[in-house]
Every structure is written in C-alpha cells, then in structure tokens.
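So the sequences go chain by chain: A and B.
Take 48 as the starting number for the first sequence in the numbering used here and just add one per residue.
Take 1057 as the starting number for the second sequence in the numbering used here and just add one per residue.
Every residue, glycine too, gets a C-beta built ideally from N, C-alpha and C.
A short worksheet on the structure shown next.
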Amino acid sequence: MQISTHELKSNIIESLKLQDITPEQIDDDAPLFGTGLGLDSIDALELVVMLEKDYGIVIKDIEEGRPAFRSVNTLAEFIAAKRPQ
Amino acid sequence: MSASGFGMEAVWRAVSSGSSGLKPLTLFQSPRYGQILTGEIQCDLIALGAPTRSSRSDKLGWLAAREAIAHAKINFQSGGERAGIVLGTSVGGSYDSEIFLSTLIKRGKMRARPTRFHECVTTVDLIADEFGLFGPSMALATACSSSALAIALAAEMILSGEADVMLTGGADSMSRMTWGGFHSLLLVDSAGCRPFDATRGGMSLGEGAAVLVLESEASAQRRGAKILARLSGWGASCDAYHATSPHPQGAGATAAMQSALRRAGLEPTAIDYVNAHGTGTRDNDVAEAIALKTVFHNRVPPFSSTKRIFGHALAASGAMEAVVCVEALRRQELPPNPGFSKCDPAIGLEPVIELRHAPLTHVMSNSFGFGGNNGVLIFSKPETSPQTRAPEKIQIAVGGIGVIGPGAVTIKEIGSPLPSGKGLVHSCGVLTDAAMLTPNQRRRLSRLQQMALITARQSHAPDPSQRVAVAIGTGLGCLEDAGTFIENLISKDEREPMPSRFPNSVHNSPTGQVAIDQAARGMNSAPTVGEITFESALWQGICQLATDEADCALVGAADEVDKYLLSIGQRWGAWNEKIKPGEGAVVVSLARAEKISSPLARVTIVRLGRYRKPFDAEREADWIASIIDLAAIDVVLSGAKGFLKLDAMYEAVAAALSKRAGRKLEHQTYKQQCGEFHAASAFGFSVAVNLVRQRRRGVLLYTLSQRGGKAICCVQP
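Written out as structure tokens, the structure is:
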C-alpha cells in the first residue's frame, strides 16, 4: 500500500520538532542523516517512536530501521511493506 | 549492595563464579518490558537496617556505607571534621518521586511525601549525619561515570589537606525513568547483557551501591588500619562529542586512561588487569576496545566486564567495579566476563573467560557515561608506593562571568496544573539570548541546558588551544524534561516514549552540552549538593587548575523551576511573600592568576564542610577565622532568604565574625533579588565579584545548606 510522502514528511517534522522547515523543503531522495537536516542517532529513535505511533510498526533493533532511514522514499517504502494491513 | 548479593564475601562469590544476578523485574509494573532481565536487588532494605525516611538510592548507599565503616574498623567519634564524603549518584530519589507522580496521574491524588528525598545529595547527607562526618560532603552526578569521578575527587580532597578520611563511592537505584529511558534508546538486551560478545544486543540495567574508605597514608598508619589497596591514579575526560553516543574511536576514553597513568606515574605495561566499562552495547564495546588498543599499544592486558553479574548500576557501577578491582588485587585473581562466548571481529579482543590466578600489582577500572563523560581509576597493591602529587597552592583569577536570569528578572505569575493553584516566581522568562543557539540546540536542548550553554559562552570564548575543564552543578537538573519524560511514560504505560528527552534527565546533561559547544575535553562534572552546589563546583574546577589538568575551568551552577517543584513547594509552605522560587544559571571562567591579564577578581579560598546541630555560631566563626584573613574582608554575603531560623544563623555568624575582626562586617544577602533555588549561591558569587570590583575589598560568600552542608568562598581584588 502506497503512503503519502507529504504526510510522512509532516510526521517527521512534527516528531523531530524540526524548526523552520516545511515538507516541501525536504527532498524525497536526499539523505535524512549525516547531512542537511543535521539529524543524529537520537532523532533516529524518535523516528522509531513515530513509526509505532503513526504507522503501527514496532522496531526493536535500530539496525532494522537503519536502511529505511536513508531517505523519505526509503522510509515510505519500508512503511508500505511493513504496515499492518 | 548488588543484585548478586550484599557484602564483600557474597559479591566476590558471584564475581568469581561469573554467575549473573539478572532476573525479571519485580520492583514496579512495567507493562511493556516486564519480563526483561535486570539487576534488581530483591530484598527488604529496611529489614537490613536502612533508614525508613529515605529514598531507595539512599537506603542502598547507607547500607554500603555502614558495611564499609565496619569493615575499616573506623569511627568518627572524635575528629569528624577531618572526615568527609563524596558519592556519585545519578538517579537519586527518582524511584520514590515516581511513586508520587504515578499516584497523581493514575489516581489524581497529590501525595508529595515520597519526593522529600528526590535530590541526589540526600544519600550523602543521611550518611554524614548518621556516622558523624563533618568534613566536606558532596554528591556528583555524571551519569555512569559518577562514582569513578567521586572517588577521584575524594582523593584530591585528602591530598589537598581538606580531610584525612573520605567515604566515597556511589549509589543508584532502579527507576521507571532509567528503565523506560534505556528501553526508549533501544539499548537494552532482552536476553541480558553480553559484553564484548559478537552477538551482544545491549546493556542490562541494574542498581546498587558501593562505598570505600579512602584515607591518607598518615591516617591509616596512625590508626593501624589494614590497607586493602592504594588508589594510585585517576583520570577524567569528556568526549565533547554527543549526548549519548561514545566517540567512535574512543578518544575521550583514551585520554582518561592516559591521564590516570600519568597521574600514577605508570607506563601502560605496568597495568595487569582492566575492569572495562563493557556495557554490552554495540557502540560502547567497540569504542572501548579501540581505546584499550590505543592506550596499550595493541598489547591489551587481561580485561573483563562484570556488568552481567550486577547489571549496569549506573552511577554506582564505577564504585562497585572499584571494589571488584580492590578484591581482585587482594586475592590475586582475574575476574571473568560472563556473557562472552564469541569474539567480535569489530572488537578483535577476548576478555578473561574464567577466573584465574595471576600476579596483579596495578589494575585499572573504566567508567564511561552519558555526555561523553569518562572516569578511570588505578588501584595498586598495598606494598607499592605511588607518587601522587598534592594539588599546588595557586592563585585563581576570574576571567569572565555569564549570568542568566535573576539579575534582570521579572517576577512572573505562573499557573499551576495541580490543585495548589498559582505562585509567584523569579523566572528567567524567555531566553532572549537563545538566538545564539543553532536550530538543533534550540529544538533539542532543555531550558537548563540552554541557560548553561549561553552563560558558558558569555564567560569564555571557545579556545581550542586550551585544555578546558567544566564543573557546572545543579540541584535538581532538567526538571521539565525529566518530569515530562516520566509523566508520559506513566500515563501511556511505556508506549510512545520520548527518547530525545531522556538524555536530558541526567544532571550532567548541561555540562555535556557545554563541553561539545566549547570543545572542552577535560574533566566534566556536575556536583549536586543542595545550596552549596556552586561552591562544590568551584572547588572541583579549581582542583583541575591546581593539578595542572586544565588551563581553564568553567565552573557554575544552574537550576530551573517546573510545575511540580512549584506545586510541591507550595504544599509544603516553602514559598511565601519573602521566599519566592527562582531559577537561573551562572558560569564563571577561571584560570591561574598569571594567565589572565585583567582579571575581574581573585578567588582566594573555597572550603566545604558540615555544621554541627544544634548550630553554634561561635564555633562557625572560629572555623572561618582560622581559614580566612578577616582583615581583608568588608562584606559577609550570605544565603539568607527570609526563613527566620536560617537567617538567624547567618546573622549570628556575621556578628561573631565582626567581633573577631574588631570592626563591623557588613552582612548582605542576594536571594531577595534572585529568589530561592539550589544554584542561587552562584548568583551570590556574581554579586560578590561586583562588590569586589566596586570597593576593591574582599567579600566572604557564606552558604549553609538546610541539610547540613556549609561552604565559604573568599573573593578578593
């Protein structure tokens, strides 16, 4: 099931409390970590909480989520594949 | 005191057999993680003799102190002034305060009693009162390295002549906050920790306490003490890298180990065993292994982590592992590393697998904590004669001061969410200097961290050529973030935790952020000592300059108000027309006087201790007059605050000092300006510096804590 990347970006901004950033400013393919937004390992954990809260996906090992956190698109694909139907 | 038993004998039985004390949690309901293994102490602590009016951490610390005193066959009946205590605590009374929050959230009832022992320092105060210690008493909270730093500080206090004997170590209990917090960071191994193993999946939380009796050679000889071991070296550093992740190459860990070796005057080859921090998390164990290989030039001595035996008892772990090191030396045995079975290629080292006999002369103990905070201790056989230098007597100058809040404060009316209504607060309001913070600092740092960061920058421009130590104390830490984190945890039954708030809950989170901001890689500490928190930070910072471990020391104190503090204080009648709650931060940049061309003032004396009850003003005045030159002083600046009993104590001492000086010393106060909070004497210090600059005469800053601590600080032109 496809998920809206716009909605996903809004959820990311809300869960990470990103300031002065709109969903439009986040490139779907750009790396989320390491550059640009300046996110770190604790932000990754906030994304884990977001995945459970907004999409019902439980991650117990951060390594599981690591490939998904590469970009908005990889995260959207991960959610589409894992989301409980 | 550990999950694997109480008392040295029981603990060593567990260590030597490598048996794990981890069991499923019973202490409180954990809807989400209840079956996960933990190092909980499952017994009735009061039945063992612990005081009823105390927090769980207090009970653990108190029981360990009682055992240490009995074991050392020492009593403090006479000469309690020459005996002090420094403990590392991080969780403090959180476990008990969470009972208050839980009752409030789940049942809507406000029962504030369990919060009475919330502060980390209560453990120290209870022990000092019970066993008659009147020397310096301090608690410091640098997360999982707390008790290693505490033991090092106790040693410095003895070397500098402040005391002959120090009780030192640490105590931390299990709490919902740390339990939920480490789970929210996905750092807990559900099968129990397996340090250094290829398949390790994280840490196991534990609780416990360990106390050592540390004394000078002369004191031990005088009383014919049986010496178990010598503390021959210690080192502290900060990664200045990240709030929770260790530096990937273990740079800070390396620096701390090297500093400890330097202090002990030992080559790396002299170390026969290392008790590793070895939490079992992927990142710690790799970073620590890299650091070990660097320090020991790829010839790493036998090492092991004993975390699976006790669980990770956070602030207490450094002291518990120090005890393991002392006992290993005594028995000449290498403790094993339960949980290890397969070597991790990323680590490339194998710990000690089974207990074995080995000649041990010098052993090292590593403790690393949140905020990139590292503490390393070296213990040696009694027959060795380590060359530990005393801190030098040096002139200390103030290079700069940063102040937020009280000076420019507006008294604000703050609504309370609890039944007790509204209160007036000396609030810092919106941090107008927040513009100097980066967007990430603004979104992630608590108010308290932001205040510390801004005041540190006001006091000192980052200078990468300097070795900078940081000691910024706090009485209560980031109340708002800690409170919000626990509130959320309890009300949502551990669902949707707040991983970015949890790291802010440790008292050294402001200092850790200051370290990152200032690239300050020297010792990093957060004393938490009630009303004398600032003076304790001052002592510790100056010590780093006097031992030449730092070129600059950023010392200070910070506290914030939150809704619970206001409501509980109101319920207890702590606030009134004269005593209003306050908040704020002050950071002072210090260096050796010859290093600062135009200093604001000099700090000539800082001394800590405890007063006797009933309070005797003449005795206090004698103590002060024996330390400072009253002829150089015009003003006694006290922490009087409108509380009759305390104010009378200050007034009587000021009068007794005038009598000894043969002229009237002016008694001034500062809390009418800044309000009442633990860090307020830091604001008093800034007032003292201003007075000294105006009058070109000395000011005595005199502070009493309500639980028995006292401090004097002399500021002169």
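Exposure of residue i, with buried meaning 16 or more beta-carbon neighbours within 10 Å
i: B:Lys1468; result: Low local confidence applies: a pLDDT of 49 at B:Lys1468 is under 50, so the model's placement there is unreliable, and no value is given.
i: B:Thr1179; result: buried
i: B:Trp1068; result: buried
i: B:Pro1555; result: buried
i: B:Ile1365; result: buried
i: B:Ser1193; result: buried
i: B:Arg1569; result: The sequence as given places Gln at residue 1569 of chain B; Arg does not occur at that position. With 16 or more other Cβ atoms within 10 Å, it is buried.
i: B:Met1222; result: buried
i: A:Lys64; result: exposed
i: B:Gly1638; result: buried
i: B:Ser1134; result: exposed
i: B:Thr1603; result: buried
i: B:Asn1354; result: exposed
i: B:Ser1397; result: exposed
i: B:Lys1282; result: exposed
Neighbour flag for residue i against chain A, beta carbons, 7 Å
i: B:Arg1109; result: no
i: B:Pro1566; result: no
i: B:Leu1243; result: no
i: B:Asn1496; result: yes
i: B:Ser1556; result: yes
i: B:Ser1301; result: yes
i: B:Arg1499; result: yes
i: B:Glu1552; result: yes
i: B:Lys1478; result: The predicted model places B:Lys1478 with a pLDDT of 46, which falls under 50 and marks its position as unreliable; any figure quoted below should be read in that light. Taking Cβ atoms only, chain A never reaches closer than 7 Å to B:Lys1478, which makes this a no.
Nearest candidate by alpha-carbon position, reference residue i, set the options
i: B:Ser1565; options: B:Glu1186, B:Met1507, B:Lys1115, B:Val1379; result: B:Met1507
i: B:Leu1433; options: B:Pro1401, B:Val1380, B:Gly1456, B:Leu1693; result: B:Val1380
i: B:Pro1583; options: B:Val1524, B:Tyr1758, B:Leu1532; result: B:Leu1532
i: B:Ser1272; options: B:Ala1345, B:Ile1214, B:Gln1314; result: B:Ile1214
i: B:Gly1629; options: B:Val1743, B:Phe1699, B:Phe1187; result: B:Phe1699
i: B:Ile1768; options: B:Arg1716, B:Ile1689, B:Gly1718, B:Asn1746; result: B:Ile1689
i: B:Arg1663; options: B:Ser1060, B:Gln1522, B:Arg1167, B:Gly1217; result: B:Gly1217
i: B:Leu1493; options: B:Arg1232, B:Gln1574, B:Val1147, B:Asp1703; result: B:Gln1574
i: B:Tyr1620; options: B:Arg1169, B:Lys1398, B:Met1057; result: B:Arg1169
i: B:Ala1347; options: B:Ala1312, B:Thr1362, B:Asn1429, B:Gly1321; result: B:Ala1312
i: A:Gln66; options: A:Gln49, A:Gly85, A:Glu111, A:Ser51; result: A:Gly85
Run of the beta strand (DSSP E) containing residue i, from where it starts to where it stops
i: B:Met1194; result: 1193-1196
i: B:Trp1290; result: 1286-1294
i: B:Val1644; result: 1640-1648
i: B:Gly1144; result: 1139-1144
i: B:Tyr1758; result: 1754-1760
Delimiting residues of the alpha helix (DSSP H) encompassing residue i
i: B:Lys1766; result: Element bounds for B:Lys1766: not the alpha helix (DSSP H) but the beta strand (DSSP E), 1765-1772.
i: B:His1029; result: Here chain B comprises residues numbered 1057 to 1773, so residue 1029 of chain B is not present and cannot be evaluated.
i: B:Gly1308; result: 1307-1320
i: B:His1333; result: B:His1333 -> no alpha helix (DSSP H), and no H or E assigned at all.
i: A:His53; result: 52-62
i: B:Cys1599; result: 1589-1602
i: B:Phe1541; result: 1535-1547
i: B:Cys1381; result: 1373-1387
i: B:Ser1216; result: Careful: B:Ser1216 lies outside any alpha helix (DSSP H) and carries neither H nor E.
Any chain B beta carbon closer than 7 Å to residue i
i: A:Ile89; result: yes
i: A:Ile109; result: yes
i: A:Gly112; result: no
i: A:Asp85; result: Note that residue 85 of chain A is Gly in the sequence shown, not Asp. Output row for A:Gly85: interface = yes.
i: A:Glu93; result: yes
i: A:Val96; result: yes
i: A:Lys100; result: yes
i: A:Lys64; result: yes
i: A:Asn58; result: no
Proximal chain E residues relative to residue i, where beta-carbon distance stays under 8 Å
i: B:His1298; result: No chain E is present in this structure, whose protein chains are A and B.
Segment contact flag, the region 1627-1636 of chain B with the region 1657-1672 of chain B, C-beta cutoff 8 Å, min 3 pairs: no
Sufficient close CB pairs (3 or more, under 8 Å) joining the region 1563-1583 of chain B to the region 1327-1345 of chain B: no
Touching by the beta-carbon criterion (3+ pairs, under 8 Å), the region 1190-1201 of chain B and the region 1114-1122 of chain B: no
Segment contact, 8 Å Cβ cut-off, at least three pairs: the region 1511-1521 of chain B with the region 74-87 of chain A: no
At least three beta-carbon pairs within less than 8 Å, the region 1248-1261 of chain B to the region 1537-1556 of chain B: no
Stretch pair the region 1287-1300 of chain B + the region 1315-1324 of chain B: three plus CB contacts closer than 8 Å: yes
At least three beta-carbon pairs within less than 8 Å, the region 1671-1688 of chain B to the region 1606-1620 of chain B: no
Validate contact between the region 1641-1661 of chain B and the region 1745-1758 of chain B using beta carbons, cut 8 Å, 3 pairs: yes
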